[in-house]
Every structure is written in C-alpha cells, then in structure tokens.
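Mapping of the sequence shown onto UniProt numbering: position 79 corresponds to residue 79, and the numbering continues sequentially without gaps. By construction, the Cβ of each residue, glycine as well, lies at the ideal position given by its N, Cα and C atoms.
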Amino acid sequence: MAEPIQQLTRSGRTEERQKVPFLLLSSKEKCGEVIYEKRQYGKAKWACIKMKEERYEQSICMGFMKLMRYICEQNSTGTYLGMTIPILTTVHTDELRTGLTRSVTVAYYIPNHLQDDPPEPTDQEIIIEEWPATIVFSSPISVGVTVSTYGQIDHEEVQLIPDFLFIFDFSKSGDSDSNADWAPES
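Shown next as structure tokens:
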C-alpha cells in the first residue's frame with residue numbers, strides 16, 4: 001500500500017498539484033470567514049471507484065489507495081499521471097435521504113493535458129467517467145469528517161440534496177479545499 005505514496009513523494013518530483021478548475025460565482029462570509037462558495041465546474045473526466053466496505057472510512061481509504069496506484073503508473077501508459085486536487089468522495093444517502101449509506105465513490109480529476117485521451121486503468125474497478133458541467137456550493141469544514149460527525153455540521157446556509165461530496169485534497173497547503181463538502185445546486 002505504501003508504494004504509490006512513495007512514488008508520489010520521491011525526491012525529484014517537483015511538479016505542483018493541479019487544481020480542478022472552477023469559476024467562482026459568489027461567496028458568503030461571516031465574520032471574515034467563508035461560509036460557502038458557489039462554484040461552476042466545467043465538463044471533465046474523472047477516474048472513479050465505487051467502494052462499500054464495512055465502515056465508511058475504510059471505503060474512502062481503500063478507494064483512495066486504488067486511485068493512487070492508477071495515478072502512479074498502473075495505467076495503460078505505465079507512467080505517473082500527476083496529482084490533481086482535490087480528491088472527491090461522493091457520500092451516498094439512502095433513498096429517503098434520512099441517512100448515509102456505506103457506499104462511496106472516490107474520484108480523481110484527470111489532469112488537463114490528459115482530458116482528451118485519459119489513460120485506461122489496469123484495475124477494472126476504476127472507471128473513467130465524464131461529469132457534466134455543474135454548479136456546486138462548497139462549504140469549508142474545520143474538522144475531520146466522519147459519518148458520525150457529519151450530522152454535527154451546520155448546513156442551514158445550504159440545503160443538501162440526495163448525495164453530497166466531501167473534498168480531500170491531501171496537500172500540506174492551507175487551501176480552503178483542504179476539508180469541505182459540496183452540494184450540487186438543485
């Protein structure tokens with residue numbers, strides 16, 4: 001499991017992590033801190049894996065490690081693809097929208113230079129999906145999020161709909177996307 005992370009962090013790898021491009025449409029602040037941003041994302045290709053382990057956190061971790069292998073040479077080109085941030089985790093709600101399921105989708109944005117012809121994954125559980133252009137609300141979260149702590153987050157500014165996305169950027173920067181949740185605009 002450590003091999004993909006070691007490949008990513010080997011000395012000599014100085015390229016920056018590419019951010020998923022978006023257009024900031026508006027934002028709301030309170031006491032100088034961003035409560036949420038309304039963002040427009042363009043149509044793009046993502047490498048996705050759906051996981052359903054016993055625990056939600058296990059699903060995210062296992063999905064991320066499989067994506068890291070894809071990023072770090074386990075793809076049709078056999079090359080390191082480059083890291084993009086954030087890594088998205090779609091957390092699915094039940095049919096009644098009253099609770100969360102254990103099912104998650106972990107997604108990696110295909111770098112801009114590979115969007116037209118993304119390398120195929122060698123792991124057949126990973127699929128390349130083209131996501132349509134969409135508008136989302138992004139709300140920073142200042143604590144680590146788990147299924148049990150999600151209910152404690154104040155969402156009165158943004159009404160969540162069926163599924164929502166957690167953003168994990170796995171970078172050491174203090175970006176606003178370090179921990180956040182997204183709700184697609186209805």
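With distances taken from CA atoms, which of the options is nearest residue i?
i, options, result
"residue 56", "23, 27, 69 and 93", "93"
"residue 136", "26, 23, 40 and 30", "40"
"residue 101", "54, 38 and 36", "54"
"residue 61", "89, 38 and 123", "89"
"residue 22", "120, 112, 118 and 32", "112"
"residue 124", "87, 67, 95 and 139", "67"
"residue 87", "65, 114 and 139", "65"
Have a look at the DSSP bridge pairing and note the partners of residue i.
i, result
"residue 43", "None; residue 43 has no bridge partner."
"residue 49", "106 and 126"
"residue 121", "75"
"residue 135", "40"
"residue 25", "The partner list for residue 25 (beta bridge, DSSP) is empty, contrary to what the question assumes."
Determine the extent of the beta strand (DSSP E) in which residue i is found, giving its start and end residues.
i, result
"residue 102", "100-109"
"residue 67", "Careful: residue 67 lies outside any beta strand (DSSP E), inside the alpha helix (DSSP H) at 56-71."
"residue 16", "Residue 16 -> no beta strand (DSSP E), and no H or E assigned at all."
"residue 89", "87-93"
Can you tell me where the alpha helix (DSSP H) with residue i in it begins and where it stops?
i, result
"residue 130", "It is not in any alpha helix (DSSP H) - residue 130 instead sits in the beta strand (DSSP E) that spans 126-131."
Which residues in the same chain have their Cβ closer than 8 Å to the Cβ of residue i, if we skip the five residues on either side of it in sequence?
i, result
"residue 43", "130, 131, 132 and 133"
"residue 104", "50, 51, 52, 56, 59, 60, 63, 89, 90, 91 and 92"
"residue 14", "Bear in mind that the predicted position of residue 14 carries a pLDDT of just 47, short of 50, making it unreliable; the figure below should be weighed with that in mind. Taken in chain order, the list of residues that qualify is empty."
"residue 118", "45, 47, 110 and 128"
Please go through the same chain and pick out, in chain order, the residues whose beta-carbon is closer than 7 Å to the beta-carbon of residue i, but skip the five residues on each side of it.
i, result
"residue 109", "20, 44, 46 and 84"
"residue 120", "75 and 76"
"residue 79", "73"
Shorter than 8 Å from the beta carbon of residue i to some beta carbon of chain C?
i, result
"residue 90", "Absent here is chain C; the protein component of the structure consists of one chain."
Spatial neighbours of residue i within its chain, please: C-beta separation below 6 Å, excluding the five flanking residues on both sides.
i, result
"residue 122", "74"
"residue 38", "25, 26 and 137"
"residue 33", "none"
"residue 107", "46, 48 and 88"
"residue 115", "45"
Taking 7 Å as the cut-off, does the CB of residue i come closer than this to any heavy atom belonging to the ligand PLP?
i, result
"residue 44", "Looking for the ligand PLP in the displayed structure turns up nothing, as the structure carries no ligands at all."
Quiz item: Is the segment 129-140 in contact with the segment 43-55, if contact means three or more CB pairs nearer than 8 Å?
Solution: Yes, the segment 129-140 is in contact with the segment 43-55.
Quiz item: Any chance the segment 80-90 sits against the segment 14-25, with 3 or more Cβ pairs inside 8 Å?
Solution: Flag = yes, the segment 80-90 and the segment 14-25 touch.
Practice problem: Report yes or no: do the segment 70-80 and the segment 24-36 share at least 3 C-beta pairs separated by less than 8 Å? | Solution: No, because fewer than three Cβ pairs between the segment 70-80 and the segment 24-36 fall closer than 8 Å, the two stretches do not touch.
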